[in-house]
Structures are given as structure tokens and as C-alpha cells.
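Residue numbers (the numbering used here): 2 to 245. Think of the CB as a built atom: it goes at the ideal place given N, C-alpha and C, for glycine as much as any other residue. Keep in mind that this is a model prediction, so the values were computed, not measured.
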Ligand code: SF4
């Protein structure tokens, strides 16, 4: 679902750009469908992304969007430099959200990004998915052990002490056979306590070899709507023009 979208939800009014990227360098998560939309052709990625970004800049200026989110089915730092550079006028003085695997995040990475993009605030979303390390590593195959959570928390604290405008948000996955409801609840509570925000994401099965979807109980749905900063039920609420 690459393109440009206007959203207005619990996080407020924002523009969302879903860009094209190279295949994720990790590429092992057991539930991940993102490789279906990725490309290995640098020129194809650059041209596609320039078109979306330039349209987004026009729309953001014309309609006064203060919050911009950029997703690319993987990590922001794996985008071509041309794409990152094109994003600078869009990020400048706005709340700018990106997503990344934890292993790409260092204090230098964040500082360089702040210098290059000059956002009012940088929000980095990380897909830890579940607090339980065994489920995260053995079943979801995230390659992000508990030591990574600790390392990111240390970076968050250090950057906060430096007074830099950066927040770290965490995705929590639900509606997937590997994660029982009580583990979803535990994860939301845990990540809420230590990070700046939690976004609950409803799992969707795209490929036969992927784990099964699991019905979401009313009790869990109510808990998530109440406790998470945002619940993404699967994109049906996305209402916009697709630019590809
Ligand atoms: S880190 Fe993200 S993009 Fe990469 S394989 Fe895992 S879910 Fe997919």
C-alpha cells in the first residue's frame, strides 16, 4: 500500500508517506509481508519516492500539516540518500515520524538525523512487537533481544538529558496466533511504562507460510483502545489519494 495518505485519528491530523525501499536487510521476521512491495532497483526507488515526497510537500504546505509520518516497510536508514535528502523540506519544523529496526539506532544516528532534517520533534517507531523475549525471538524471529530494548532505553535517556527533541515509540502486535492476549496486555503495559508511546498493530496474514490470524476478543479490543496511543486495525480507515 505505497502512496500518500491523509489521516486524522488519535494522533491527530497527519500526512503519511509510504515509500518504496530496498528489501529489509534483516528480512527474517516470520510474519512480515513487506518484501512484496520492495525493489532492488535504485533508480526505481528514487523516482517513485521523489514523486510521492514532492506531492506531500505541496499538500503539507497548502493544507498546513504539522505531523508527517514516513514508512518504508523496514528501516528509515536503509532508504537511498536521495530520498532522505528530498524529505528534508517536509520534515523541517514539523513532527516527523519514522520507523527503524533497533540495531540501526545509535545516539550519533539520531543526532545526524536531527541535524539533516531539522524537525520540531523526531518520533522513532520500533517494532519490538511483544515484551516476551522468547516469543519475540523464537516465534516472530525479530532479531531484537531484550539487550536491544535496554540499549534503546539508554539512548533515549541520554538524548533526553541532552534536551534533544526525540521520542521512541513501540509497535505491539496482536491478533496473531503466537501472542496470547495476556502477553499483548503485558507488552502494552511494559512498553508504555518505559517508552514515549505504544501503537498496537492488528496482524494480517498475507502469505500461506505466515502465522495464522487470531480473533480479537472484545475485552482485548477495549483494553487496547483505552491504553494504546493508537490502534491500527489494518488500514481500512485510510482515506486518501494513492500516488503510484
Ligand atoms: S524488521 Fe520489519 S521489515 Fe524487516 S523483516 Fe522484520 S518486520 Fe519485516
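Distance from the CA atom of residue 28 to the CA atom of residue 35, rounded to whole angstroms, is 9 Å. In this structure, the CA atom of residue 24 is about 5 Å from the CA atom of residue 39.
A Cβ-Cβ distance of about 18 Å is found for the pair residue 49 and residue 76, leaving them out of contact under the 8 Å criterion. The continuous alpha helix (DSSP H) containing residue 117 extends over residues 108-118. Residue range 122-130 is occupied by the beta strand (DSSP E) that includes residue 123. Annotated three-state conformation of residue 169 is strand, per DSSP. Within the chosen limit of 7 Å, ligand 1 reaches the beta carbon of residue 27 through at least one heavy atom. Distance from the C-beta of residue 176 to the nearest heavy atom of ligand 1 is not below 7 Å.
For residue 97, the enclosing beta strand (DSSP E) covers residues 96-100. Taking the Cβ of residue 4 as the reference point, every heavy atom of ligand 1 lies at 7 Å or farther away.
Between the beta-carbon of residue 199 and that of residue 185 there is about 11 Å, and that puts the pair past the 8 Å contact cut. Counting along the chain, residue 18 sits inside no alpha helix (DSSP H); it lies in the beta strand (DSSP E) bounded by residues 13-19. Within the chosen limit of 7 Å, ligand 1 reaches the beta carbon of residue 35 through at least one heavy atom.
In the pairwise beta carbon analysis, the segment 204-212 is classified as not touching the segment 159-172: fewer than three pairs are separated by under 8 Å. The straight-line gap separating the alpha-carbon atoms of residue 216 and residue 140 is approximately 19 Å. In this structure, the beta-carbon distance from residue 203 to residue 176 falls below 8 Å. If you draw a straight line from the Cα of residue 149 to the Cα of residue 12, it comes to about 26 Å.
Within the chosen limit of 7 Å, ligand 1 reaches the beta carbon of residue 102 through at least one heavy atom. The residue among 2, 37, 89 with its C-alpha nearest the C-alpha of residue 57 is 89. Short of 7 Å from the beta carbon of residue 197, and not among the five residues preceding or following it, lie these beta carbons of its own chain, in chain order: 168, 169, 170. Per DSSP, residue 161 lies in no beta strand (DSSP E) segment; the continuous alpha helix (DSSP H) that holds it begins and ends at 147-162.
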